[in-house]
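S.K.: Let me begin by handing over the structure; questions about it come next.
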Amino acid sequence: MKVNLQLQRRCQDKRANPETPRTGVGLKAVWYAAEQFGNVVGLKKARQAKSVTGVQQDKMSREQVIASLRDDYQKDYFISGVGEMSAYEDDCLFADPFAGFRGVERFKKNVANLGSLLEDTQLDILEWQEREGEVQTKWRFSAILGLPWKPRLAAAGRTTHVFSKETGKVVKHLEEWDSEPGRVLRLLLKPTSRMPTNQWEVFFSAVDDGDVMGVWFALSGLVLKWSLPVVGVSLICKAFTGEGLPGVFLGSVEGLAYLGVAAGAGTQLWKLVKGMSGGEAG
Numbered sequence: 000m001k002v003n004l005q006l007q008r009r010c011q012d013k014r015a016n017p018e019t020p021r022t023g024v025g026l027k028a029v030w031y032a033a034e035q036f037g038n039v040v041g042l043k044k045a046r047q048a049k050s051v052t053g054v055q056q057d058k059m060s061r062e063q064v065i066a067s068l069r070d071d072y073q074k075d076y077f078i079s080g081v082g083e084m085s086a087y088e089d090d091c092l093f094a095d096p097f098a099g100f101r102g103v104e105r106f107k108k109n110v111a112n113l114g115s116l117l118e119d120t121q122l123d124i125l126e127w128q129e130r131e132g133e134v135q136t137k138w139r140f141s142a143i144l145g146l147p148w149k150p151r152l153a154a155a156g157r158t159t160h161v162f163s164k165e166t167g168k169v170v171k172h173l174e175e176w177d178s179e180p181g182r183v184l185r186l187l188l189k190p191t192s193r194m195p196t197n198q199w200e201v202f203f204s205a206v207d208d209g210d211v212m213g214v215w216f217a218l219s220g221l222v223l224k225w226s227l228p229v230v231g232v233s234l235i236c237k238a239f240t241g242e243g244l245p246g247v248f249l250g251s252v253e254g255l256a257y258l259g260v261a262a263g264a265g266t267q268l269w270k271l272v273k274g275m276s277g278g279e280a281g
């Protein structure tokens with residue numbers, strides 16, 4: 000009897016909160032990290048395109064809400080963050096496969112911050128279905144993320160706009176993706192270009208291919224660059240005191256730096272020799 004009651008409670012909880020994202024801790028952490036990164040980008044970049052605040056109404060008719068939603072979609076609101084979004088309640092729930100939160104202004108800020116990093120964007124609205132108490136759209140999205148290795152962000156899915164029975168306005172904005180969120184994130188590790196044009200693209204191409212040696216080839220120059228100053232300070236200390244860097248921590252850093260210089264210099268020399276002989280060095 001106790002087991003049946005527990006199962007019944009769980010089923011009731013799921014029915015009461017169908018929009019709650021069932022996402023692992025790792026993906027949620029990625030989402031919140033991306034939000035904070037977007038906030039930093041938003042502070043550093045002065046965006047020319049700013050969200051427009053429409054005239055807010057306490058209640059709206061179904062026709063007004065649908066017209067407002069169509070206008071927002073024409074402005075690519077969930078890519079650019081530009082749009083009145085006047086058909087939404089201020090504390091509207093926004094949920095996707097990663098996380099859920101409340102507040103139109105927070106949604107606008109997050110989307111605008113991400114939008115400032117997007118290039119070559121393409122958004123196709125494949126379906127528009129008007130139902131009782133809601134509107135559901137089906138969409139396909141693709142863009143290049145403005146990171147050094149130029150990964151492609153691509154997803155397809157649907158968005159359900161749930162209307163309030165009291166005000167007629169949107170109280171829930173629920174996104175569903177056709178692809179697993181983890182798969183979409185893995186695509187962010189893959190450079191768009193097939194032929195790497197910088198070290199970032201070389202590194203992430205190797206990561207995507209599972210090429211451990213390629214990853215080291217891409218990192219060896221950076222390891223050498225970071226290790227050389229530490230080794231230099233260590234040699235100066237030995238010249239004046241006869242000992243290396245003091246303390247357990249600095250001593251460990253010193254040891255790693257010597258190892259980094261040896262491995263990095265050896266790899267760079269090997270790449271140089273292979274390059275001169277016409278071979279591939281990664």
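In numbering that gives the first Met the number 0, the protein residues as written are 0 to 281. Note that the Cβ used here is the ideal one computed from N, Cα and C, for glycine as well. From a predicted model like this one, the values you see are computed outputs, not experimental measurements.
Identify every run of the beta strand (DSSP E) within the region 126-153, keeping only runs that are complete inside it and at least 3 residues long; order them along the chain.
M.R.: If we require 3 residues or more, the beta strand (DSSP E) runs fully inside the region 126-153 come out as 133-144.
S.K.: Could you tell me the alpha carbon to alpha carbon distance between Gln63 and Ala86, rounded to whole angstroms?
M.R.: Mapped onto the sequence shown, residue 63 falls at position 64. Mapped onto the sequence shown, residue 86 falls at position 87. Their backbone Cα atoms lie some 8 angstroms apart in a straight line.
S.K.: State the CB to CB distance for the pair Ala153 and Leu116, rounded to an integer number of angstroms; the pair is presumed to be in contact (CB under 8 angstroms).
M.R.: In the sequence shown, residue 153 corresponds to position 154, counting from 1. In the sequence shown, residue 116 corresponds to position 117, counting from 1. Their Cβ separation, rounded to whole angstroms, is 15 angstroms, which puts Ala153 and Leu116 out of contact at 8 angstroms.
S.K.: Do three or more CB pairs link the region 210-226 to the region 164-173 at distances below 8 angstroms?
M.R.: Flag = no, the region 210-226 and the region 164-173 do not touch.
S.K.: Kindly identify the DSSP beta-bridge partner or partners of Cys87.
M.R.: Residue mapping note: residue 87 aligns to position 88 of the sequence shown, counting from 1. Per the sequence shown, the amino acid found at residue 87 is Tyr instead of Cys. Per DSSP, Val169.
S.K.: Check for me: the beta strand (DSSP E) holding Phe97 runs from which residue to which?
M.R.: By one-based count along the sequence shown, residue 97 stands at place 98. It is not in any beta strand (DSSP E) - Phe97 carries neither H nor E in the DSSP assignment.
S.K.: Verify the CB distance criterion: does Ser178 have a CB-CB separation below 9 angstroms to chain D?
M.R.: Here chain D cannot be found, since the structure has a single protein chain.
S.K.: Whole angstroms are fine: how far does the CA of Gln121 sit from the CA of Arg9?
M.R.: Taking the first residue of the sequence shown as 1, we reach residue 9 at position 10. Taking the first residue of the sequence shown as 1, we reach residue 121 at position 122. Any reading at Arg9 must be qualified, since the residue scores a pLDDT of 45, below 50, and its modelled position is unreliable; the value itself is stated next. One C-alpha to the other measures close to 40 angstroms.
S.K.: Provide the residue(s) that pair with Phe93 in DSSP beta bridges, ordered along the chain.
M.R.: In the sequence shown, counting from the first residue as 1, residue 93 sits at position 94. DSSP lists Phe100 and His172 as partners of Phe93.
S.K.: If contact is defined by three or more beta carbon pairs under 8 angstroms, each pair taking one atom from either stretch, is the region 123-140 in contact with the region 100-108?
M.R.: No, the region 100-108 is not in contact with the region 123-140.
S.K.: For Arg61, which option in Val230, Pro245, Trp176 and Glu131 has the closest C-alpha, if you only look at C-alpha atoms?
M.R.: Against the sequence shown, residue 61 aligns to sequence position 62. The option with the nearest alpha carbon to Arg61 is Glu131.
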